[in-house]
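Enquirer: I have a structure here, written as structure tokens, and I will follow up with some questions on it.
Numbering (this note's numbering), first residue to last: 1 to 163.
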């Protein structure tokens, strides 16, 4: 990214950022603390496509977010590795399963299979992030997350097969 700075006598400073896509973002910081952000699709245009006025606090918050203060994207290679190892699957709970009629905690699903239940679809009700005291009922569809082999074990357990 190419950045240019210029003094604006009597106003403040102007910073122009030329993006990799050939767009331009201009930030004008006034001596009063006011900030103006301008977006140009074509950097040679005299008028911005749109602009936003920001307070000093809003500018700091935006800057913090752009720096990744709250959310850091995962490196694409790490994401590929993560995606290749973690599986999310919807599994039907059969009446023959030893899990039916027990709570998630009593069932010791994570201890037995390594899988975590992250949701339950029961009739027309959705239970997101169920607690350990949630009773599992035959006919529930369980949203489970784990590694492929763990999910396979969990599917067998939900079908009533021995592990």
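Each residue gets a CB set at the ideal place from its N, CA and C atoms; glycine is no exception.
Can you name, in chain order, every residue of its own chain whose Cβ lies under 6 Å from the Cβ of residue 5, other than the five neighbours on each side?
Expert: Taking the first residue of the chain shown as 1, we reach residue 5 at position 5. Excluding residues within five positions, the ones whose Cβ falls inside 6 Å are 15.
Enquirer: Among 132, 57, 158 and 36, which one has its Cα closest to the Cα of residue 13?
Expert: Position 13 of the chain shown, counted from the first residue, corresponds to residue 13. Closest option to residue 13, Cα to Cα, is 36.
Enquirer: With DSSP as the reference, label residue 55 as helix, strand or coil.
Expert: Within the chain shown, residue 55 is the residue found at index 55, counting from 1. Of the three classes helix, strand and coil, the one that applies to residue 55 here is coil, per DSSP.
Enquirer: In chain order, what residues of the same chain have a beta carbon less than 7 Å from the beta carbon of residue 155, not counting five sequence neighbours either side?
Expert: Locating residue 155 in the chain shown gives position 155, where the first residue counts as 1. Excluding residues within five positions, the ones whose Cβ falls inside 7 Å are 91.
Enquirer: Per DSSP, residue 36 forms a beta bridge with which residues?
Expert: Translated into positions along the chain shown, residue 36 becomes position 36. Residue 36 pairs with 28 and 53.
Enquirer: Starting from the N-terminal side, write out each stretch of the beta strand (DSSP E) that is 3 residues or longer and does not extend beyond the stretch 81-161.
Expert: If we require 3 residues or more, the beta strand (DSSP E) runs fully inside the stretch 81-161 come out as 86-92, 116-122, 125-128 and 141-147.
Enquirer: For residue 33, count the other beta carbons within 10 Å of its own beta carbon; 16 or more makes it buried, fewer makes it exposed. Which is it?
Expert: Here the question's residue 33 lines up with position 33 in the chain shown. Exposed, by the Cβ-count rule.
Enquirer: Just verifying my parser: in three-state terms, what is the DSSP assignment at residue 63?
Expert: Along the chain shown, one-based indexing puts residue 63 at 63. Residue 63: helix per DSSP, three-state reduction.
Enquirer: Where does residue 50 land, buried or exposed, given buried means 16+ other C-beta within 10 angstroms?
Expert: Reading the chain shown from its first residue, position 50 is the one you call residue 50. When all chains shown are included, residue 50 counts as exposed.
Enquirer: Evaluate the contact criterion for the stretch 134-145 versus the stretch 99-118: three or more CB pairs, one atom per stretch, below 8 Å.
Expert: At 8 Å Cβ cutoff, the stretches touch.
Enquirer: Hey, residue 17 and residue 29 are a contact pair by Cβ (cut 8 Å); roughly how many whole angstroms apart?
Expert: Here residue 17 corresponds to residue number 17 of the chain shown, with the count starting at 1. Here residue 29 corresponds to residue number 29 of the chain shown, with the count starting at 1. That pair is no contact at about 13 Å.
Enquirer: For the beta strand (DSSP E) containing residue 7, list its first residue and its last residue.
Expert: Numbered from its first residue, the chain shown carries residue 7 at position 7. Start and end: 2-8.
Enquirer: Alpha carbon to alpha carbon, what distance is there between residue 97 and residue 123?
Expert: Taking the chain shown and counting its residues from 1, the one referred to as residue 123 is at position 123. Taking the chain shown and counting its residues from 1, the one referred to as residue 97 is at position 97. Each residue's alpha carbon lies about 18 Å from the other.
Enquirer: Taking the Cβ atom as the reference point for each residue, do residue 94 and residue 158 lie within a distance shorter than 8 Å?
Expert: Numbered from its first residue, the chain shown carries residue 94 at position 94. Numbered from its first residue, the chain shown carries residue 158 at position 158. Cβ distance < 8 Å, so residue 94 and residue 158 count as in contact.
Enquirer: Expressed to the nearest angstrom, what Euclidean distance is found between the alpha-carbon atoms of residue 105 and residue 86?
Expert: To locate residue 105, count along the chain shown from 1; it is residue 105. To locate residue 86, count along the chain shown from 1; it is residue 86. Cα to Cα, residue 105 sits roughly 22 Å from residue 86.
Enquirer: Quick one: what does DSSP say residue 163 is sitting in, helix, strand or coil?
Expert: The residue you call residue 163 lines up with position 163 of the chain shown. Residue 163 falls in the coil class under three-state DSSP.
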